[in-house]
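K.L.:
Quick one: structure below, then a few questions.
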Amino acid sequence: MSWNFQEIEDTVQQEAKYILDFQRLEAFRTKYLGRKGLLQEIYASLSNLPHDQRPLVGKNANDLRNNISIIIETKQKEIKSRQAQSPAADIDITIPGVAAPVGHQHILTQTIDEICGIFAGLGFVVQEGPEIETEFNNFTALNIPVDHPSRDAFDTFYLELPDPGHQGRYQLLRSHTSPAQIRVMQKNQPPLAVIVPGRVYRPDAADASHSFMFHQIEGLLVNEDVKFSELKGLLTVFCRRLFGEKTKMRFRPHFFPFTEPSAEVDISCYICDGKGCSVCRRKGWLEIMGCGMVHPKVFLAAGYPEGKYKGLAFGLGVERITMLKYGIEDIRLFFENDIRFLEQF
Ligand code: PHE
């Protein structure tokens, strides 16, 4: 057995470069100086060598052992002093990191952005209103009579916050985004066109289609002359952009105290194309929003002169539209924060 000491020395030096912590240092020591290490092997081989070769190999082995001992001592000091400088210094920064999970927008935010984007493209300005509202803005100014059932505490969250403008009245969590109409008109003169997304609250027991908090998007356009046909044209364009060019849309007569005339908007069922299926409950149509021409009393309540302006308004439920668009069957999924659900969108 002959030993190439030069080669061993090179390997030792090479390996020494990568010793950055005590664990590797110990592995290095065992490999060379341990009981089953290379040095022991070399010394054991001496007895098999011809007599005249033994002194040289022995001397080389001793030199090698000394060099390795020096390396170990030096490395020990190095590692210790690095650890003393900073407790994190023995972290191996060459280990690949664990990538932090990258989040993305919630599906409801995506839908809100998409819908507002469509209306922004049609000239509407995106605005927001507060979630805590006055009874005046949420009901009275919208021509909702004092005895209307929606004013009942069973249908609206009242807060123990007195309403400074209206003696004896409490503020509330808005039950729809329509009070934003009043705020916008109090601050701006026509012509105006706004789109207002936001959260609304109703004390409903949570089930597959009800949540005590959900999102609406309100639209309002006011000018000296606005026609009902413009409302229909506008919403037809909107429905096609959101649900696809082939989508049919219809107005169904309805009643809202703050619009006259009023309508509910249906789109042809995207699943069965109007033939009737379980999603549209055999009707072929899906209800997606309420709309109408702004009631003259609403203009008065907002402080506009009588008879001067006309307007169109609409309000849609974001959860409902998202559920229809993506085939989601339970509204609670939006708010449970289950990553497996959220990651799909
Ligand atoms: N605010 C109504 C609702 O919550 C929707 C609506 C808005 C209807 C604007 C007409 C005009 O049901």
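Residue numbers for the sequence shown follow the working numbering, so the first one is 33 and each next one is one higher.
Positions of the beta carbon are idealized from the N, C-alpha and C atoms, including for glycine.
In this text, all values refer to a predicted model and were calculated from it rather than measured experimentally.
#1: Should Lys91 go down as buried or exposed, given a rule of 16 or more other Cβ atoms within 10 Å for buried?
#2: Buried or exposed: where does Pro223 fall if 16 or more other Cβ atoms within 10 Å of its Cβ makes it buried?
#3: Using alpha carbons as the reference points, say which of Leu57, Pro181 and Lys315 lies closest to Arg234.
#4: Taking Cβ to Cβ, would you say Phe288 is nearer than 8 Å to Gly251?
#5: Measure from the alpha carbon of Lys329 to the alpha carbon of each residue in Phe366, Cys304, Pro194 and Thr291, then state which is nearest.
#6: Answer yes if the stretch 157-174 comes into contact with the stretch 225-233, meaning at least three C-beta pairs across the two stretches below 8 Å, and no otherwise.
#7: Using only the alpha-carbon positions, how far apart do Lys68 and Ser118 sit?
#8: Look at the Cβ atom of Leu344, then the Cβ atom of Leu263, and state whether they are nearer than 8 Å.
#9: Secondary structure at Asn220, three-state DSSP: helix, strand or coil?
#10: Using the three-state DSSP reduction, which class does His83 fall into: helix, strand or coil?
#11: Heavy atom of ligand 1 less than 7 Å from the Cβ of Gly347, yes or no?
#12: Just to confirm, are Glu58 and Leu96 a CB contact at a threshold of 8 Å?
#13: Where does the unbroken alpha helix (DSSP H) through Thr209 begin, and where does it stop?
#14: Taking C-beta to C-beta, are Ala173 and Ala333 nearer than 8 Å?
#15: In terms of residues, what are the limits of the alpha helix (DSSP H) holding Pro194?
#16: Would you call Glu167 buried or exposed, if buried means 16 or more other Cβ atoms sit within 10 Å of its Cβ?
#17: Just list the residues that DSSP pairs Glu319 with in beta bridges.
#18: Look up Phe377 in the DSSP assignment and say whether it is helix, strand or coil.
#19: Measuring CB atoms only, is the stretch 181-193 touching the stretch 234-245, in the sense that at least three cross pairs come out at less than 8 Å?
#20: DSSP has Met281 in a bridge; who is on the other side?
#21: Going by other Cβ atoms of all chains shown within 10 Å of its Cβ, with 16 needed for buried, is Gln248 buried or exposed?
#22: Roughly how many angstroms lie between the CA atoms of Leu365 and Phe373, to the nearest whole one?
#23: Roughly how many angstroms separate the alpha carbons of Gln142 and Gly129, rounded to a whole number?
#24: How many whole angstroms separate the CB atoms of Leu318 and Cys301, which I take to be in contact at a CB cut-off of 8 Å?
#25: Per the DSSP calculation, Thr239 is bridged to which residue(s)?
P.N.:
Concretely, from the data shown:
#1: For the purposes of this step, residue 91 is taken as the residue at position 59 of the sequence shown. It counts as exposed.
#2: Locating residue 223 in the sequence shown gives position 191, counting from the first residue. Exposed, by the Cβ-count rule.
#3: Mapped onto the sequence shown, residue 234 falls at position 202. Selected option, being the one with the closest Cα: Pro181.
#4: For the purposes of this step, residue 288 is taken as the residue at position 256 of the sequence shown. For the purposes of this step, residue 251 is taken as the residue at position 219 of the sequence shown. No, the pair does not count as a contact, with Cβ atoms beyond the cut-off.
#5: Your numbering for residue 329 matches position 297 in the sequence shown. Of Phe366, Cys304, Pro194 and Thr291, the residue nearest in Cα terms is Thr291.
#6: yes
#7: Residue 68 sits at position 36 when you count from the first residue of the sequence shown. Residue 118 sits at position 86 when you count from the first residue of the sequence shown. So the alpha carbons of these two residues sit roughly 35 Å apart.
#8: If you number the sequence shown from 1, residue 344 lands on position 312. If you number the sequence shown from 1, residue 263 lands on position 231. It is a contact, given that the beta carbons lie within the stated cut-off.
#9: Along the sequence shown, one-based indexing puts residue 220 at 188. Looking at Asn220 - three-state DSSP - the assignment turns out to be coil, as it is neither helix nor strand.
#10: Here residue 83 corresponds to residue number 51 of the sequence shown, with the count starting at 1. DSSP places His83 in helix when its eight states are reduced to three.
#11: One-based indexing of the sequence shown puts residue 347 at position 315. Indeed, a heavy atom of ligand 1 lies less than 7 Å from the Cβ.
#12: Position 26 of the sequence shown, counted from the first residue, corresponds to residue 58. Position 64 of the sequence shown, counted from the first residue, corresponds to residue 96. No, the pair does not count as a contact, with Cβ atoms beyond the cut-off.
#13: Translated into the one-based positions of the sequence shown, residue 209 becomes position 177. No alpha helix (DSSP H) contains Thr209, which DSSP labels as neither H nor E.
#14: Counted from its first residue, the sequence shown places residue 173 at position 141. Counted from its first residue, the sequence shown places residue 333 at position 301. Result yes, Cβ atoms of Ala173 and Ala333 sit closer than 8 Å.
#15: The residue given as residue 194 occupies position 162 in the sequence shown. Run containing Pro194: none in the alpha helix (DSSP H); it sits in the beta strand (DSSP E), Tyr190 to Pro194.
#16: Within the sequence shown, the letter at position 135 stands for residue 167. Glu167 is buried by the Cβ-count criterion.
#17: Translated into the one-based positions of the sequence shown, residue 319 becomes position 287. Glu319 is bridged to Asp298.
#18: Within the sequence shown, the letter at position 345 stands for residue 377. DSSP places Phe377 in coil when its eight states are reduced to three.
#19: yes
#20: For the purposes of this step, residue 281 is taken as residue 249 along the sequence shown, with counting starting at 1. Paired residues: Ile299.
#21: Numbered from 1 along the sequence shown, position 216 holds the residue referred to as residue 248. The residue is buried, with at least 16 neighbouring Cβ atoms inside 10 Å.
#22: The residue you call residue 365 lines up with position 333 of the sequence shown. The residue you call residue 373 lines up with position 341 of the sequence shown. Cα to Cα, the separation comes out at about 7 Å.
#23: Taking the sequence shown and counting its residues from 1, one reaches residue 142 at position 110. Taking the sequence shown and counting its residues from 1, one reaches residue 129 at position 97. If I take the Cα positions, the gap works out to 31 Å.
#24: For this step, residue 318 is matched to residue 286 along the sequence shown. For this step, residue 301 is matched to residue 269 along the sequence shown. The pair is a contact, with the Cβ atoms about 6 Å apart (cut-off 8 Å).
#25: Along the sequence shown, read from residue 1 onward, the residue named residue 239 stands at position 207. Reading the sequence as shown, one finds Asp at residue 239 and not Thr. Answer is His242.
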